[in-house]
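J.: Per the numbering used here: the sequence shown = residues 15 to 153. We put the CB at the ideal spot given by N, CA and C, even for glycine. Following this message is one structure expressed as structure tokens.
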Amino acid sequence: PRTQAFAGFKPKQAVKLGNVQLQLDSAFGVVIVSALGDQPLAASKRILVSALGNAINSGMTLGPGRNRIENAGVSPVLVEPIVGQLALSGLTGTGHAKVYALGPNGERDHEVKATESSGGLSFGLSADHRGMHYEIVRE
Numbered sequence: 015p016r017t018q019a020f021a022g023f024k025p026k027q028a029v030k031l032g033n034v035q036l037q038l039d040s041a042f043g044v045v046i047v048s049a050l051g052d053q054p055l056a057a058s059k060r061i062l063v064s065a066l067g068n069a070i071n072s073g074m075t076l077g078p079g080r081n082r083i084e085n086a087g088v089s090p091v092l093v094e095p096i097v098g099q100l101a102l103s104g105l106t107g108t109g110h111a112k113v114y115a116l117g118p119n120g121e122r123d124h125e126v127k128a129t130e131s132s133g134g135l136s137f138g139l140s141a142d143h144r145g146m147h148y149e150i151v152r153e
């Protein structure tokens, strides 16, 4: 598969999805891992990771039962960061990988410390990265 994803409340155990293992510290999260290209995730040279929590518009308000929007609010959208650990396993090919946190415009903001192992890679998801998207580049 070219995409593997999780959406939901923090599970008691690590989430395992084919090539993706996810340990969430956040109460709720959506994590989507997609190959950028025609290769399956395990062989892809570029991978996009999107990791985000609850999201609301600035100034958005809910009704008393919190089940109805009273005011839709305006941009920017406020996104809760995800905290946890993401690992990829079963990767094919050779070479080193680098992980970049992406800024709001999709450009690389900074490199994220990652740990490589035989056929695998892991890195932390953190509010310190100031974004909700990561790019993994395998050389």
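Pick helix, strand or coil for Asp52, following the three-state DSSP scheme.
T.: Asp52 falls in the coil class under three-state DSSP.
J.: Would you report the Cα separation of Pro95 and Gly77, rounded to the nearest angstrom?
T.: If you take the alpha carbons of Pro95 and Gly77, they lie about 25 Å apart.
J.: Can you tell me which of the three DSSP states His143 falls into?
T.: Note: His143 maps to helix in three-state DSSP.
J.: Mapping the DSSP letters down to three states, classify Ala128 as helix, strand or coil.
T.: Three-state DSSP puts Ala128 in a strand.
J.: Kindly list the residues whose CB is nearer than 6 Å to the CB of Gly67, restricted to its own chain and excluding five residues on each side of it in sequence; keep chain order.
T.: Hits under 6 Å: Ser40, Phe42, Gly43, Glu94, Ile96.
J.: Taking the continuous beta strand (DSSP E) assigned at Leu31, which residues delimit it?
T.: 29 to 31 is the extent of the beta strand (DSSP E) around Leu31.
J.: When the distance is taken between beta carbons, is Ile150 closer than 9 Å to Ile61?
T.: Contact: yes.
J.: Could you pull the start and end residues of the beta strand (DSSP E) that Gly111 belongs to?
T.: It should be pointed out that residue 111 corresponds to Ala in this sequence rather than to Gly. First-last of the beta strand (DSSP E) with Ala111: 111 to 116.
J.: Residues in the same chain with beta-carbon distance under 6 Å from Lys59, minus the five sequence neighbours each way, listed in chain order, please.
T.: Excluding sequence neighbours, Lys59 sits near Arg152.
J.: Let me check understanding here. Comparing Cα to Cα, which of Tyr148, Ser136, His143, Ala141 lies closest to Leu36?
T.: It is Ser136 whose Cα lies nearest to the Cα of Leu36.
J.: What does DSSP give as the partner residues of Arg80 in its beta bridges?
T.: DSSP lists no partner for Arg80.
J.: Please identify the residue among Arg144, Glu130, Leu102, Ser131 whose C-alpha is closest to the C-alpha of His124.
T.: Of Arg144, Glu130, Leu102, Ser131, the residue nearest in Cα terms is Arg144.
J.: Per DSSP, which residues does Ser40 bridge with? Please list them.
T.: None; Ser40 has no bridge partner.
J.: Drop a sphere of 10 angstroms on the beta-carbon of Leu55, count the other beta-carbons inside from all chains shown, and report buried for 16 or more, exposed for fewer.
T.: Per the 10 Å Cβ criterion, buried.
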